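A.B. asks:
Protein chains: 2
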Amino acid sequence: MAEHSNIHLALVHFPVYNKAGEIVVSSVTTLDVHDISRICRTYSVGSFYVVTPLKTQQVLVERIIDHWVKGYGAEYNPTRKESLLKTQMKNSLADVVKDIEDRCGETPLQTVTDARRFPGIVSYGELSAKLGEGHHLLIFGTGWGLERNLIKNADFVLEPIDGAVDYNHLPVRAAIAIILDRLLGRAADG
Amino acid sequence: MAEHSNIHLALVHFPVYNKAGEIVVSSVTTLDVHDISRICRTYSVGSFYVVTPLKTQQVLVERIIDHWVKGYGAEYNPTRKESLLKTQMKNSLADVVKDIEDRCGETPLQTVTDARRFPGIVSYGELSAKLGEGHHLLIFGTGWGLERNLIKNADFVLEPIDGAVDYNHLPVRAAIAIILDRLLGRAADG
């Protein structure tokens, strides 16, 4: 599989909706950090950002990364270390974009994903073709989905995974696995 | 997406290998039960079997299923209830096969999956074409993979997900999401 160092992924915990449709900060699930890091490593993604404004949760995630990348965990489980090397904490999506600009000298095009259907969505094939050039940020929401303005301001909205028209309740970590495979997996490579 | 009630999935906790290559019983991860149930529901799979010979773990899984399907959880979170309706505990893979025979009147063809490469593997396209007929059991191992004889006795061995030749450490729940999407997702439907 090709390197995809121009592809970046953000898991957003604010602003997202809760079950009641209110805008909230969702909690970081530590298992998401591990699972999504491994998935990103499998598809050779450039970076994975965990986004939350909550200081306590930032400290938690940084402690996890530190333990496995530099601490005892690095020796105990080297494949976990390797998966976390490109994982980082950020305060906000704006900070993620700035970090990519600083490191890569380019503003990434932003693609949002959502289990709901929106007008003007791009298909997997269309987005996969675009990903060959420039830097791209794929944005995933937690809780009950990304706040509306994040979706409105994105460059692209990716079509839902579905087919499963009657049940769209995949865990975000499963959705990310499927979406990266469709966009970057061997079939997408041609 | 089509109904796939002739497709059955088993998550096997014995016999599997541990890190040292010994044959062990791995622990049930309750999150696997939830995630994989949701993934199976998304792709309209006929049944999902959690396989372990350990009575204490069987009780744990049955309590989880009961809570969400019949208990307070059914009202609190109906999408979780719906995902668990086709999830069940079994003592062994032989019991899984027997259950499918009893319920469907047919012995399922068995496909194993593994992160390693074996001779005579079938591709996603080949297996996807076969899944249109008869009953099929897709078998996934936990820990460091399914015991060798399970692989030797299977009807088919599915090719690894890879491309990622240098890193094959996906969590089993992520591997199942990707594999079901490749075999049963819209692209596979044609």
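Sequence order for the protein chains is A and B.
Just so it is clear: in the first sequence, position 114 is 113 by numbering that gives the first Met the number 0, and no numbers are missing.
Just so it is clear: in the second sequence, position 41 is 40 by numbering that gives the first Met the number 0, and no numbers are missing.
Heads up, the beta-carbon is just placed ideally off N, CA and C, and yes, glycines get one too.
Since the structure is predicted, the reported quantities are computational estimates derived from the model, not experimental observations.
1) If we cut at 8 Å on Cβ distances, does ARG115 of chain B have a partner in chain A?
2) Using 8 Å as the limit for Cβ to Cβ distance, is LEU169 of chain B near chain A?
3) Thinking C-beta only, is THR106 of chain B closer than 8 Å to LEU126 of chain B?
4) By the criterion of Cβ-Cβ separation under 9 Å, what are the contact partners of TYR166 of chain A in chain B?
5) Could you tell me which whole alpha helix (DSSP H) segments of length 4 or greater appear in the stretch 70–94 of chain A?
6) Using alpha carbons as the reference points, say which of B:GLU158, B:VAL24, B:VAL44 lies closest to ARG116 of chain B.
7) Helix, strand or coil for SER127 of chain A, going by three-state DSSP, please let me know.
8) Taking C-beta to C-beta, are VAL156 of chain B and ILE120 of chain B nearer than 8 Å?
9) Under a Cβ-count criterion, where at least 16 other Cβ atoms within 10 Å of its own Cβ denotes burial, should THR55 of chain A be classed as buried or exposed?
10) Does the stretch 39–58 of chain B touch the stretch 91–108 of chain B, meaning 3 or more C-beta pairs lie closer than 8 Å?
11) From the DSSP output, in three-state form, read off TYR169 of chain A for me.
12) Under the rule that 16 or more other beta-carbon atoms within 10 Å means buried, what is ARG62 of chain A, buried or exposed?
13) Roughly how many angstroms separate the alpha carbons of ALA176 of chain B and CYS39 of chain B, rounded to a whole number?
14) Would you kindly check if the distance between the Cβ of LEU130 of chain B and the Cβ of ILE35 of chain B is under 8 Å?
15) Pick helix, strand or coil for ILE138 of chain A, following the three-state DSSP scheme.
16) Please confirm if ALA128 of chain B has its CB atom under 8 Å from at least one CB of chain A.
17) To the nearest whole angstrom, what separates the beta carbons of HIS12 of chain B and VAL24 of chain B, a pair I think is in contact under 8 Å?
18) With 16 other CB atoms within 10 Å as the buried threshold, where does ALA174 of chain B fall?
19) Have a look at ILE64 of chain B and GLU146 of chain A and give me their C-alpha separation to the nearest angstrom.
20) Helix, strand or coil: which one does DSSP assign to ALA153 of chain B?
21) Do VAL95 of chain A and ALA9 of chain A have their CB atoms nearer than 8 Å?
22) What did DSSP end up calling PHE13 of chain B once you bin it into helix, strand or coil?
23) Give a yes or no on whether the minimum CB-CB distance between ILE177 of chain A and chain B is below 8 Å.
24) Between which two residues does the alpha helix (DSSP H) carrying LEU145 of chain B extend?
25) If I follow the unbroken alpha helix (DSSP H) through THR106 of chain B, where does it start and stop?
C.D. replies: According to the structure data:
1) Judged by the 8 Å Cβ criterion, ARG115 of chain B is not in contact with chain A.
2) yes
3) no
4) In chain order: ARG37, ARG40, THR41, SER43, THR78, GLU81, SER82.
5) 71–75, 77–83
6) B:GLU158
7) helix
8) yes
9) Exposed.
10) yes
11) Before going further, note that residue 169 of chain A is Leu rather than Tyr in the sequence given. Residue state, collapsed to three classes: coil.
12) exposed
13) 8 Å
14) no
15) Looking at ILE138 of chain A - three-state DSSP - the assignment turns out to be strand.
16) no
17) 6 Å
18) Buried, because 16 or more other Cβ atoms sit within 10 Å of the Cβ of ALA174 of chain B.
19) 32 Å
20) coil
21) yes
22) coil
23) yes
24) Note, LEU145 of chain B: premise wrong, no alpha helix (DSSP H); not H, not E.
25) Looking at the DSSP string, THR106 of chain B is not in any alpha helix (DSSP H), and its letter there is neither H nor E.
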